[in-house]
Amino acid sequence: MTFEQTIQHTIDGDVCRLQIALVENRHAEAGDGDGGGKETSTPNRRNCDIFVEDHNFYIYADTRLYRFNLPERQFDTKDMKNFVINFNTKTNSYEVDLPCLPRTNEEQKMLPEKSDAEKKCRDGATPSTIELWKLKRITDNCLLRLDKSVELSKFIADFGYGFAGRFKGDITGVDDRSAIAQMPEPGTVSPLQRSIDREIDELKNFSRDQYKLNFVELQVPEGHENPMKYTYNFEDVTLTRDEECLLHNLTRKSQESLLSCNYEQSDVDCGLICILLAICYDIRTTSNEPTCESPWTRSILTATLSYFEPFENIKDVVISFLRRSLIYPLYRNYDLGRLCLQDAIDGLKKNPAWVLKQLLQTHAIFASSDCQQIFNQYYIEDYIRYVADSNRCGATHLRLLARNLKNVLLDVSKKHLRLELGEIETELLKELITDIHLGNSSTSEDDDTDEDIDDVEGDDANDESGTESGEDATDSSSTTASSSSSSDTEQNSVIEQCKEVVNVAKN
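For the sequence shown, position 319 (counting from the first letter as 1) is numbered 319 according to the UniProt record's numbering, and the numbering increases by one without interruption.
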């Protein structure tokens, strides 16, 4: 999903007038991964999806997302029925008149001070992002007019999906579509709407309790290896006979035309990283011995696959992967997710042949599943062709991706996931401290009861024999000390866990 900021605006009373200049679709040619040329095509002006929020206007036009933010005024989102958007064929731009709510007296007295986000936006940088689920889709209420003519037309929905968005129309050749149950007809859904649907589903499926369970200590079932301790072998790139045959069949000349020369480099590279991160998670959690769950794991962690979602930058890919790694699989641990990111960085940097082998293995894993084999047709086979072609995706280009991914890893933290992890960790810390206090109270009551019993027994023994009483008292004291020592050890263990929670929460 490519983003362009080419929007000019003026405020006329309670109307915000936008001029959104369409940018020609730029496509990479063969070799563009290492600095090759580009070719362009004209976007379809009717192929749009339109969204609005109090201070934001988003329009996904054909293959690009255009975003506008107006912090000093609030749009009247209720007054947008039969909303007409004019397209000026001379300037090749949309002309949008957005109604704004009247300003209050206090707002009229004060001149609006431009925020940092607005200043950056005016300088051509990306405006501050919002939570996508807050956007209201108004496409069905919008009409398109050409050059102020009388005739109005509806917008259409004919968006690309799959590798480089090269597929259009209905999904074909697959009977079982359960793996794409959330996005069964991607051609009728804009990439922006796919992102919105994904984020909504993630918020619904996120479990605070499951996160807590794996936060203090990774819950590894008996008989399984701890995935945090797995060691990669990036030199293991020997292909099996089946993998060699598959590679030959996919890269022979008659198949080369299937890999379109027209693609957005950033979209393709972000998709590759998205798929590779899920592969690294599955490798680490299965000790590189794929299980019957591997097809599901590799697809569910990859938003590019399960939602046919393209990404405009690597940071969004990383955030999506970390979020999904905390929502869906067996091990839901933030540090484990970051380890998988480092695995992908090492693989991209050290050995391109390793990356290719992982894609070939993923193809075999998906082919063994009636549900996930759909992803081979629309993504994996093209990515195998892409990585195998040194002119498109050479070692230098993969090292560049590794460097960019590393920079993002250093920049992303828990707050970027928007799952309130800090709040959950604080809640867990309070629960652990409460457990400690309850444990101390219970231990103290047990000790008091034991002391009372010992006192009674000691008095009876003194009546019979002073010497025996002294010996019994010594034994009782020793037993109580041992019990207290054991209790202190258990308490210290819980305290250490609390300290670990505090340290992680601070980070």
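Glycine included, each C-beta is placed from N, C-alpha and C at the ideal position.
Distance CB(Val-387)-CB(Val-318) smaller than 8 Å
No.
Run of the alpha helix (DSSP H) containing Asn-249, from where it starts to where it stops
Counted as a single uninterrupted DSSP element, the alpha helix (DSSP H) harbouring Asn-249 occupies residues 241 to 251.
Can you tell me whether Asn-226 is helix, strand or coil according to DSSP?
Asn-226 falls in the coil class under three-state DSSP.
Check whether the Cβ atoms of Ala-61 and Gln-372 lie closer than 8 Å to each other.
It is not a contact, given that the beta carbons lie outside the stated cut-off.
Delimiting residues of the beta strand (DSSP E) encompassing Lys-414:
The continuous stretches of beta strand (DSSP E) do not include Lys-414, and DSSP gives it neither H nor E.
Using only CA atoms, which one of Thr-104, Arg-103, Arg-194 and Phe-375 lies nearest to Phe-163?
Closest in C-alpha terms to Phe-163, from the list Thr-104, Arg-103, Arg-194 and Phe-375, comes Phe-375.
What does the alpha-carbon distance come out to for the pair Cys-292 and Phe-308?
Going by the C-alpha atoms only, they are around 23 Å apart.
Can you tell me whether DSSP reads Arg-73 as helix, strand or coil?
In the structure shown, Arg-73 sits in coil (DSSP, three-state: anything other than H, G, I, E or B).
Report yes if the C-beta distance between Ser-325 and Tyr-383 is below 8 Å; otherwise report no.
No, these two residues do not count as a Cβ contact at 8 Å.
Output needed for Arg-323: all residues of its chain with C-beta closer than 7 Å, excluding positions within five of it in sequence on either side, in chain order.
So the list reads Glu-202, Leu-417 and Leu-419, once near-sequence residues are dropped.
Other residues of its chain near Gly-271: CB distance less than 6 Å, five sequence neighbours each side excluded
Thr-304, listed in sequence order.
Return helix, strand or coil for Tyr-232, following the three-state DSSP convention.
Collapsing the DSSP output to three states places Tyr-232 in coil.
With three or more C-beta pairs closer than 8 Å as the rule, is the region 355 to 365 touching the region 284 to 301?
These segments touch.
Contact under 8 Å by Cβ, Asp-140 with Leu-101
No. Outside cutoff.
Near Met-228, what residues of its chain come up, given a Cβ to Cβ distance below 7 Å and the 5 sequence neighbours on each side ignored?
Excluding positions up to five away in sequence, the list reads Leu-218, Leu-336 and Leu-339.
Thinking just about the alpha-carbon of each residue, which of Val-23, Tyr-161 and Trp-133 is nearest to the one in Thr-91?
Thr-91 has its Cα closest to that of Val-23, out of Val-23, Tyr-161 and Trp-133.
Helix, strand or coil for Cys-16, going by three-state DSSP, please let me know.
Of the three classes helix, strand and coil, the one that applies to Cys-16 here is strand, per DSSP.
Determine whether the beta carbon atoms of Phe-155 and Leu-144 lie at a separation below 8 Å.
In terms of Cβ geometry, Phe-155 and Leu-144 form a close pair [threshold 8 Å].
Reference Asp-343; option with closest CA among Asn-391, Val-220 and Lys-406
For the residues Asn-391, Val-220 and Lys-406, the minimum Cα distance to Asp-343 belongs to Lys-406.
Please determine, among Ala-353, Glu-425, Ser-413 and Asp-12, the residue with the shortest C-alpha to C-alpha distance to Cys-393.
Of the residues Ala-353, Glu-425, Ser-413 and Asp-12, the one whose Cα lies closest to the Cα of Cys-393 is Ala-353.
Pro-316 to Leu-247 span [Cα, whole Å]:
Position check: residue 316 holds Asp in this sequence, whereas Pro was assumed. Whole-angstrom Cα-Cα distance: 30 Å.
Taking C-beta to C-beta, are Phe-11 and Ile-20 nearer than 8 Å?
A small correction: the amino acid at residue 11 is Ile; Phe does not occupy that position in the sequence shown. Contact flag unset, no.
Taking 8 Å as the cut-off, does the region 49 to 66 touch the region 169 to 183 (at least 3 CB pairs, one atom from each stretch)?
No, because fewer than three Cβ pairs between the region 169 to 183 and the region 49 to 66 fall closer than 8 Å, the two stretches do not touch.
Let me know if His-397 comes out buried or exposed under the rule of 16 or more other beta-carbons within 10 Å of its beta-carbon.
Classification for His-397: buried.
Along the chain, where does the alpha helix (DSSP H) containing Ala-353 start, and where does it finish?
Going by DSSP, Ala-353 is part of the alpha helix (DSSP H) stretching over 352 to 367.
Which partner residues does Lys-78 have in the DSSP bridge list?
In the DSSP output, where bridge partners are listed per residue, Lys-78 has none listed.
Here's a check: name, in chain order, each residue in its chain whose Cβ is nearer than 8 Å to the Cβ of Glu-199, leaving out the five neighbours to either side.
Glu-131, Leu-132 and Trp-133, listed in sequence order.
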